[in-house]
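Enquirer:
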Amino acid sequence: MASSEDYKHLLLPISIIEMSFSKKILQWYSDNRRSLPWRNTKDPYKIWLSEIILQQTRVAQGLPFYENILVHFPTVQDLAAATEEDILKLWQGLGYYSRARNLHATAKRVAREFNGKFPENYEGLLQLKGIGDYTASAIASSSFNLSEPVVDGNVYRVLARYFGVALATNSTRGIRYFKELAREVMATDNARDYNQGIMEFGALQCTPQKPNCGQCPLNDSCVALKENRIDELPLKMKKGTIKKRFFNYMIILDPDNKTQLQKRMGKGIWQNLFEFPLLETEGEAGHDQIKKALVEILDADKVQDLEQTSSGEIVHRLSHQHLHTKFWLVKTNQKIEEGIAIGELENYPVPILIADAIKTLKISYF
282 MASSEDYKHL LLPISIIEMS FSKKILQWYS DNRRSLPWRN TKDPYKIWLS
332 EIILQQTRVA QGLPFYENIL VHFPTVQDLA AATEEDILKL WQGLGYYSRA
382 RNLHATAKRV AREFNGKFPE NYEGLLQLKG IGDYTASAIA SSSFNLSEPV
432 VDGNVYRVLA RYFGVALATN STRGIRYFKE LAREVMATDN ARDYNQGIME
482 FGALQCTPQK PNCGQCPLND SCVALKENRI DELPLKMKKG TIKKRFFNYM
532 IILDPDNKTQ LQKRMGKGIW QNLFEFPLLE TEGEAGHDQI KKALVEILDA
582 DKVQDLEQTS SGEIVHRLSH QHLHTKFWLV KTNQKIEEGI AIGELENYPV
632 PILIADAIKT LKISYF
């Protein structure tokens, strides 16, 4: 529990925490909550699935994926029995694919070790792969009404502004402090609705840009509003330099209009997803460099035509790197062993960058 002594290290003064904070959050949530399927259940499987999807995804984007996955895998046992490729295919378009692999690993563990039942406490949930403090707290409170506070981006923003907390939300010190503060102010008798409420409040009311402070039920005691610091809070330490990478994908078509894909191995991005043969270069690659690289894939005299596709360079932005990508269409008179028909490419789990290229390929050339 945070105490008054804990507040002394803050860069801005904080008044005594008011009990009305949690009551106002609960009242606002009662009046403004969105009707979302995972709010109509206490099933830890469904709540866990929704939380994993929403870790890096907006609700509007994640909802169709949530519903589609439940159609295919209505129980954790069904998900555990699926192949990784099936799961990655359903996940295609959501990004951050390690979430899908962790989802599968946890489903198998819950099904095999716990007879399909999730641990009913925060500590047990935290031991499952892909479940950190936030997700364990969300499941514990939403499924079992345990008094475990959730702290996500929305909660950071609400607490930082209302209490005037000038600590970086992505610093060790800030993370620890906001967790303590969240525990101090939560409504312990209704943890489920309170946690959902404060996250919803941050998503709809206390928004990152241009929040409607005039209609906010907390505006009479919000430190950031009083001190004109809404745009300043919450604070966040700057990320490191974004890495630039140069990808060249070779779409090879043989006399039967078949092509090939390869599976990405290792621990980098898109692990276990499929892609066209790739040449990564130090900088922008030209025609001659690609032609030289093709010798490692095809016989030198088998390349009939090589051209860059009409899409030009595509910059695919990930959190820590930007992929400057070109697609090259390669026509060869050498048959591809175990080649894949263009119409069958959509059956493979691929990054969204490759999925878009496949759509363009089908429209432009077939």
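In this note's numbering, each number is its position in the sequence shown, counted from 1, plus 281.
Cβ atoms here follow ideal geometry from the backbone N, Cα and C, with glycine treated the same way.
Out of D359, T416 and R545, which one is the CA nearest neighbour of K389?
Expert: Closest by alpha carbon: D359.
Enquirer: Going by C-alpha to C-alpha distance, which of F557, T450 and R314 sits closest to L542?
Expert: Answer by Cα proximity: F557.
Enquirer: Just to confirm my understanding: we take N500, look at its own chain, exclude 5 residues before and 5 after, and list those with CB closer than 6 Å. What are they?
Expert: Contacts found: C494 and L506.
Enquirer: Buried or exposed: M282, going by 16 or more other Cβ atoms within 10 Å of its Cβ?
Expert: Only weak support is given to the placement of M282: the predicted model assigns it a pLDDT of 42, under 50, and the question is left unresolved by the model.
Enquirer: Which residue marks the beginning of the beta strand (DSSP E) containing M531, and which one marks its end?
Expert: Looking at the DSSP string, the run of the beta strand (DSSP E) that includes M531 is K524 to L534.
Enquirer: Kindly give me the distance between the Cβ atoms of A392 and E332, rounded to whole angstroms, as I take these residues to be in contact under 8 Å.
Expert: That pair is no contact at about 18 Å.
Enquirer: Can you list, in chain order, the residues of its chain whose CB lies under 6 Å from that of L292, leaving out five sequence neighbours each side?
Expert: Interpretation of L292 is limited by its pLDDT of 43, a score under 50 that renders its predicted location unreliable; no figure is taken from the coordinates.
Enquirer: DSSP on E561, reduced to helix/strand/coil?
Expert: Reduced to three states, the DSSP call for E561 is strand.
Enquirer: For I523, count neighbouring C-beta atoms within 10 Å of its own C-beta (all shown protein chains included) and say buried if the count is 16 or more, exposed if not.
Expert: I523 comes out exposed.
Enquirer: Compute the distance between the beta-carbons of H597 and T606, then report whether it is under 9 Å.
Expert: Contact: yes.
Enquirer: Which of the three DSSP states, helix, strand or coil, is assigned to D586?
Expert: Residue state, collapsed to three classes: strand.
Enquirer: Taking the straight line between their C-alpha atoms, what separation do you get for R314 and C497?
Expert: One C-alpha to the other measures close to 15 Å.
Enquirer: Assign F302 to buried or exposed, taking buried as 16 or more other Cβ atoms, counted over all protein chains shown, within 10 Å of its Cβ.
Expert: The residue in question, F302, is buried, as its Cβ has 16 or more Cβ neighbours within 10 Å.
Enquirer: Apart from the five residues on each side of it in sequence, which residues of its chain come closer than 6 Å, Cβ to Cβ, to A417?
Expert: Here the set comprises Y403, L406 and L407.
Enquirer: Measuring straight from C-alpha to C-alpha, what distance separates V357 and F425?
Expert: Cα to Cα, the separation comes out at about 18 Å.
Enquirer: Whose C-beta lies closer than 8 Å to the C-beta of S284 among residues of the same chain, with five residues either side of it excluded?
Expert: Residue confidence is low: S284 scores 43 on pLDDT, short of 50, so the model does not pin down where it sits. No coordinate-derived value is stated.
Enquirer: Alpha carbon to alpha carbon, how far is L560 from S452? Give it in angstroms, no decimals.
Expert: S452 and L560: Cα-Cα distance of roughly 37 Å.
Enquirer: State the Cα-Cα distance for the pair E286 and Y458, rounded to the nearest angstrom.
Expert: Any answer about E286 is weak, because its pLDDT of 46 lies below 50 and its placement is not dependable; what the coordinates show is given next. Using only the alpha carbons, I get a separation of about 12 Å.
Enquirer: Out of L351, L427 and I550, state which residue places its alpha-carbon closest to the alpha-carbon of S600.
Expert: Among L351, L427 and I550, the Cα nearest to that of S600 belongs to I550.
Enquirer: Run through DSSP, which three-state label would K305 get?
Expert: Helix at K305.
Enquirer: Between which two residues does the beta strand (DSSP E) harbouring L604 extend?
Expert: Note, L604: beta strand (DSSP E), Q602 to T613.
Enquirer: With 9 Å as the threshold, decide whether the Cβ of S423 is near any Cβ in chain D.
Expert: Annotation note: the requested chain D is absent from the structure, which comprises a single protein chain.
Enquirer: Answer yes or no: do G455 and L554 have a C-beta to C-beta separation smaller than 9 Å?
Expert: No. Outside cutoff.
Enquirer: In whole angstroms, what separates the C-alpha of K398 from that of I621?
Expert: The alpha-carbon atoms of K398 and I621 are separated by roughly 41 Å.
Enquirer: On the three-state DSSP scale, how would you describe F444?
Expert: F444 falls in the helix class under three-state DSSP.
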